[in-house]
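Following: one structure in structure tokens, then a few remarks.
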Amino acid sequence: MNFRFSKEIRIAVLTIVAGTMLYTGFNFLKGQDTFSSINFYPVLYNNVDGLVPGNPVYVNGLTVGQVKELSLAEGNKVRALLQVDASVKLTDSTLAKLMDGSLLGGKSIILEIKPGKRELKDGDEILPFVQPGLTEALMEEARPIMKGLDKTLYNVNEVLNIDNQRKLSKMLTNLESLTRNANALVEINKSVLASSLVNINKLTGSLVETEKQLKPILSNLNALSDSLKDTRLKATVNQANHAIANLDKAIDKINSGKGTMGKLVNDDSLYIHMDKTVKDLDLVFLDLKARPGRYIHFSVFGKKNK
Numbered sequence: 200m201n202f203r204f205s206k207e208i209r210i211a212v213l214t215i216v217a218g219t220m221l222y223t224g225f226n227f228l229k230g231q232d233t234f235s236s237i238n239f240y241p242v243l244y245n246n247v248d249g250l251v252p253g254n255p256v257y258v259n260g261l262t263v264g265q266v267k268e269l270s271l272a273e274g275n276k277v278r279a280l281l282q283v284d285a286s287v288k289l290t291d292s293t294l295a296k297l298m299d300g301s302l303l304g305g306k307s308i309i310l311e312i313k314p315g316k317r318e319l320k321d322g323d324e325i326l327p328f329v330q331p332g333l334t335e336a337l338m339e340e341a342r343p344i345m346k347g348l349d350k351t352l353y354n355v356n357e358v359l360n361i362d363n364q365r366k367l368s369k370m371l372t373n374l375e376s377l378t379r380n381a382n383a384l385v386e387i388n389k390s391v392l393a394s395s396l397v398n399i400n401k402l403t404g405s406l407v408e409t410e411k412q413l414k415p416i417l418s419n420l421n422a423l424s425d426s427l428k429d430t431r432l433k434a435t436v437n438q439a440n441h442a443i444a445n446l447d448k449a450i451d452k453i454n455s456g457k458g459t460m461g462k463l464v465n466d467d468s469l470y471i472h473m474d475k476t477v478k479d480l481d482l483v484f485l486d487l488k489a490r491p492g493r494y495i496h497f498s499v500f501g502k503k504n505k
């Protein structure tokens, strides 16, 4: 038995299939998987700064969902509803970071999953976090530069006030006059300067020639000085050697008993005789001191006492 569908039924079936394919394709282009389960998580931001529905949601650089819708919440906060693949397990410590998606200003949300006390369920709220954008970061870096530039411009304005402008104009006029006078002076004394330069060149040449002549003389003087030093040193050494030799000879004579010093050192009899003579002389001097009349005879009347 053959079943034949009417034209209307076939058109209806084709319409349903085409609509399903169109819906699936559209969701696929938006980053949604029609055949996978998804969870929805709200996030409350003070300011979404350009975030729009359809912006991607990432985990570790992988697209896991998108922003489903945006709406105003209590306290004029913005409620962003995130559509996330149900296979992604979020905790109560997860942060939804609102980031700059590109240099062109697009936004995205990065889920930073941290260890928490419990796992989030469909409909649970995620903690918000707003990462400073590139423009804001550049402004932060530029603020000190802008302050410095503002101070510089203020100082420039102070320098360029009416009084300082007059002083600066007068100084420039004086400088111009000084330059003009200097040029005139140089022009007048150009010949003198040229002659002076010629004389300086001649003097420099003479000094170079003199230096060449002095070099051999200095070399000879150095050689002569070295020679004199060597000659004096040799004479001094010879004299010292001669004196040492004579001293050795004298010591040898003394040790051998030759001469007066040798006998005095080596012969006891000479020492004994000299010692006895000294003692006798000492006795005579003592007696002379005690009885001088014994040795000196004089009389007023010319008579000598015995």
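Using my numbering, read the sequence shown as starting at 200 and increasing by one per residue. All residues carry an ideal CB built from backbone N, CA and C; glycine is no exception. Keep in mind it's a predicted model, so treat the numbers as computed, not measured.
Asked                                                                                                                                                                        : Found
State whether the stretch 338 to 353 contacts the stretch 314 to 326, with contact taken as three or more CB pairs (one from each stretch) at a distance under 8 Å.          : no
Count the other C-beta atoms from every protein chain shown that fall within 10 angstroms of the C-beta of V397, then say buried if there are 16 or more, exposed otherwise. : exposed
Would you kindly check if the distance between the Cβ of K276 and the Cβ of S292 is under 7 Å?                                                                               : no
Exposed or buried, A295, counting other C-beta atoms within 10 Å across all chains shown (16 or more means buried)?                                                          : buried
Could you check if Q282 is buried or exposed, using at least 16 other CB atoms within 10 Å of its CB as the buried criterion?                                                : buried
Let's test the definition: count the other Cβ atoms within 10 Å of the Cβ of G264 and tell me whether it reaches 16, buried, or not, exposed.                                : buried
Quickly, what does DSSP pair R278 with across the bridge? List them, please.                                                                                                 : L243 and S270
Quick one: grab the DSSP three-state call for S498.                                                                                                                          : With a pLDDT of only 48 at S498, under the threshold of 50, the placement of this residue in the model should not be trusted, and no figure is reported.
Which stretch, first to last residue, makes up the beta strand (DSSP E) that contains S307?                                                                                  : K306 to E311
Can you tell me whether Y353 is buried or exposed? The criterion is at least 16 other CB atoms within 10 Å of its CB, across all chains shown.                               : exposed
Could you check if D474 is buried or exposed, using at least 16 other CB atoms within 10 Å of its CB as the buried criterion?                                                : exposed
Measuring only the C-alpha atoms, how far is K452 from F484?                                                                                                                 : 37 Å
Would you mind stating whether V242 and I325 have Cβ atoms separated by less than 7 Å?                                                                                       : yes
Expressed to the nearest angstrom, what Euclidean distance is found between the alpha-carbon atoms of G404 and L374?                                                         : 38 Å
Rounded to the nearest angstrom, how far is the Cβ of V256 from that of L310, given a contact under 8 Å?                                                                     : 6 Å
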